[in-house]
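Residue numbers (the working numbering), protein chains in the order written: chain G, 311 to 489; chain L, 1205 to 1509. Here a beta-carbon is modelled for each residue, glycine too, at the ideal position from N, C-alpha and C. Take a look at the structure below.
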């Protein structure tokens, strides 16, 4: 795989998340009844960071959850390797809450579809909104994000790598070419 | 991950750990309002039970349904077996009907291997003769690990009719792989010497067997063994080998008690001990569902299936 470009650096990621936090508050008229649910793996630290920003801005702790969508994937019978299943941890009732689902990259939309199925098995939120750090296009399903850190038109042969300090060596978004 | 689960011959501790990790997730699924995930949607699983069973068959069927698979049940008594059809023909018929996996219980040791030979689809051994019952051992080990955190260095004592017990054999394979030592105890007639190996001790002295044990598992005493001359009488057996409060005083403080079920109360285990807080018998059944969901996921998901 060949490196092509750095798309976002640490400061860019922080600013994008601050903007998304403002947009979430504006659209929902505050943080009442909100919940943030990150999709494994990198949606989870992004959800925690958004939660911290909402606390700074509004002085409230928005409930945080972790969602694993492996058991809901529509390609489980086709994949060569068995994906590791991780725990879904949503330690609050999502019924009647405005849930913001958070992931790092929005691509085909299949992960989001699986996440919507997984979420509705947990309860009936009053609404589900979608926040992503990068929207790289190439949707295969009628899904769009409500909050986007950066729109990044890509070729299918390209790979977007989101690295976050919580799990990687630093905060950075990179574009690579798959060989 | 191996394609079938017949015994633990070619399994590693890492593979077992992967089963346990996914079983943890399955517990979380079972606590949800909708206790079902679509991971095996579109698959058909056959529970082929050539021998009677209640908890194992129901546990497997529910596990498959919780994963959204379709389940067909083959009950030997109501089948063409009574017309003389062979095991091979039965399996080939079920194969032709589009079954994606077989869960097999059979009174003959090695039957699950035969099914695995006749079918290209994954086979899970749900108990074959006296040879193996791997998912029971997995749920036993999972239940103990849940209590101890790790099985490393733990002494697990299994008391009863070891000779005819596939549960004892599978546990004697699995528990030492996870770092535990296993002591098998029973009357000399029911204690085959060939089971002794690294990590497994055999003794007829039940007081010595239970001394310092972290957990004691009582095995079901199969009454038909008395007719075969292995035992004098039930009373005689119970007087010596029954797992009860008095015997448990020799074990470690707070040692746990297990039983694979079904129990003969006040024969191999005292009813009061089975109902006590140190008994994990109900938890074994609960864990069995999560462990079997995990096994189905690991064997059936992915192109290797």
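Original post:
On the three-pair Cβ rule with 8 Å, is the segment 1426 to 1441 of chain L touching the segment 1354 to 1363 of chain L?
Top reply: no
Original post:
Looking at C-alpha atoms only, which residue of 1493/L, 1261/L and 1293/L is the closest neighbour of residue 1279/L?
Top reply: 1261/L
Original post:
Hey, residue 440/G and residue 404/G are a contact pair by Cβ (cut 8 Å); roughly how many whole angstroms apart?
Top reply: 15 Å between Cβ atoms; not a contact.
Subject >> Of the residues 1235/L, 1250/L, 1422/L and 1329/L, the one placed nearest residue 1491/L, counting alpha carbons only >> reply: 1235/L
**OP:** Mark residue 1338/L as exposed unless 16 or more other C-beta atoms lie within 10 angstroms of its C-beta, in which case mark it buried.
**Re:** buried
Original post:
Which value, in whole angstroms, describes the spacing of the CA atoms of residue 1393/L and residue 1434/L?
Top reply: 6 Å
**OP:** Can you grab the Cα-Cα spacing for the pair residue 371/G / residue 364/G, in whole Å?
**Re:** 8 Å
Subject >> Meets three-Cβ-pair contact criterion under 8 Å: the segment 1497 to 1508 of chain L and the segment 389 to 399 of chain G >> reply: yes
Original post:
Which class does residue 460/G belong to by DSSP, given the choice of helix, strand or coil?
Top reply: strand
Original post:
If you pair each beta-carbon of the segment 1405 to 1419 of chain L with each one of the segment 1375 to 1393 of chain L, do three or more pairs fall below 8 Å?
Top reply: yes
**OP:** Determine the closest residue to residue 1272/L out of 1378/L, 1247/L and 1256/L, with distance taken between C-alpha atoms.
**Re:** 1247/L
**OP:** May I ask you to report which of helix, strand or coil DSSP gives residue 327/G?
**Re:** helix
Original post:
With DSSP run on the structure shown, which of helix, strand or coil describes residue 445/G?
Top reply: strand
**OP:** May I ask you to list, following chain order, the residues of the segment 1352 to 1385 of chain L that have a beta carbon less than 8 Å from some beta carbon of chain G?
**Re:** none
Original post:
Can you find a CB in chain L that lies within less than 7 Å of the CB of residue 389/G?
Top reply: yes
Original post:
What does a CB cutoff of less than 8 Å around residue 385/G pick up in its chain, not counting 5 residues either side in sequence?
Top reply: 420
Original post:
Mapping DSSP to helix, strand and coil, what is residue 1263/L?
Top reply: helix
**OP:** Within the segment 367 to 438 of chain G, note down every full beta strand (DSSP E) run reaching 3 residues or more, in order along the chain.
**Re:** 374 to 377 and 408 to 416
Original post:
Around the C-beta of residue 1446/L, are 16 or more other C-beta atoms found within 10 angstroms, so that it is buried, or is it exposed?
Top reply: buried
Original post:
Looking only at its own chain, which residues have a Cβ that is under 6 Å from the Cβ of residue 1208/L, when we skip the five neighbours before and after it?
Top reply: 1320, 1326 and 1327
Subject >> residue 1221/L classed as buried or exposed, judged by whether at least 16 other C-beta atoms fall within 10 angstroms >> reply: exposed
Original post:
Nearest CA to the CA of residue 1295/L: which residue from 1313/L, 1475/L and 1252/L?
Top reply: 1252/L
**OP:** Just the C-alpha distance for residue 1419/L and residue 332/G, rounded to the nearest angstrom, thanks.
**Re:** 56 Å
Subject >> Three-state class that DSSP yields for residue 336/G in the structure shown >> reply: helix
**OP:** Might you give, ordered along the chain, the residues of its own chain that have their beta carbon closer than 7 Å to the beta carbon of residue 1346/L, omitting 5 neighbours on each side?
**Re:** 1224, 1227, 1491 and 1495
**OP:** Tell me, please, which residues DSSP counts as bridged to residue 484/G.
**Re:** 316/G and 471/G
Original post:
In chain L, which residues lie with their C-beta within 8 Å of the C-beta of residue 396/G?
Top reply: 1229
Subject >> Same chain, Cβ closer than 6 Å to residue 407/G, five either side skipped, listed in chain order >> reply: 343, 345 and 435
Original post:
Thinking just about the alpha-carbon of each residue, which of 427/G, 486/G and 438/G is nearest to the one in residue 446/G?
Top reply: 486/G
**OP:** With DSSP collapsed to three states, give me the class of residue 1217/L.
**Re:** helix
**OP:** Return helix, strand or coil for residue 1344/L, following the three-state DSSP convention.
**Re:** helix
**OP:** Identify the contact partners of residue 432/G in chain L, using a Cβ-Cβ distance below 8 Å as the criterion.
**Re:** 1236, 1237 and 1238
Subject >> Distance CB(residue 1267/L)-CB(residue 1493/L) smaller than 7 Å >> reply: yes
**OP:** Find the residues of chain G that neighbour residue 1410/L, judging by a C-beta separation of less than 8 Å, and give them in chain order.
**Re:** Simply none; closest approach about 41 Å.
Subject >> Short CB-CB distance (under 7 Å) between residue 417/G and chain B >> reply: Looking for chain B here will not work: the only protein chains present are G and L.
**OP:** Using alpha carbons as the reference points, say which of 314/G, 426/G, 388/G and 455/G lies closest to residue 334/G.
**Re:** 455/G
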